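Written out below as structure tokens is the structure these notes cover.
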Amino acid sequence: MSEPVYLSHVRIEPYDGPMRRAYVPGRDEPITFGVHGEIAEHYGIAEDAYPPTTTTIDYLVAAAAG
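Numbering of the sequence shown is given in our numbering, commencing with residue 18 and proceeding in unit increments.
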């Protein structure tokens, strides 16, 4: 098997309920992940409990479409 061409070093830091910070290569500041709309509803999180924030699913869909 050949050696990997790239190894991504990512750190995820939970900080408040569903809210998380992702430290990723190429960015000086972390990316914030959370919940919004139907996803918050699915997990039983009140609409006003947290500010609506992009979810990991949103990033995955954007990356796959991209």
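Glycine residues also receive a C-beta, built at the ideal position from the N, C-alpha and C atoms.
These numbers come from a predicted model, not from an experiment.
Distance, Cα to Cα, residue i vs residue j?
i	j	result
P35	T71	11 Å
R28	L77	17 Å
G83	A39	20 Å
S19	A79	29 Å
R37	G51	6 Å
H26	H59	30 Å
L24	A81	19 Å
Going by the beta-carbon positions, is the gap between residue i and residue j smaller than 8 Å?
i	j	result
I48	I74	no
P31	G54	no
Inset, instruction - Spell out a yes or no on whether the segment 59-69 and the segment 39-47 are touching, meaning 3 or more CB-CB pairs, one atom from each, closer than 8 Å. - result: Because the criterion of three Cβ pairs below 8 Å is not met, the segment 59-69 and the segment 39-47 do not touch.
Inset, instruction - Write down every uninterrupted run of the beta strand (DSSP E) in the segment 24-78 whose length is 3 residues or greater and which is fully enclosed by it, in chain order. - result: 28-33, 36-40, 48-50
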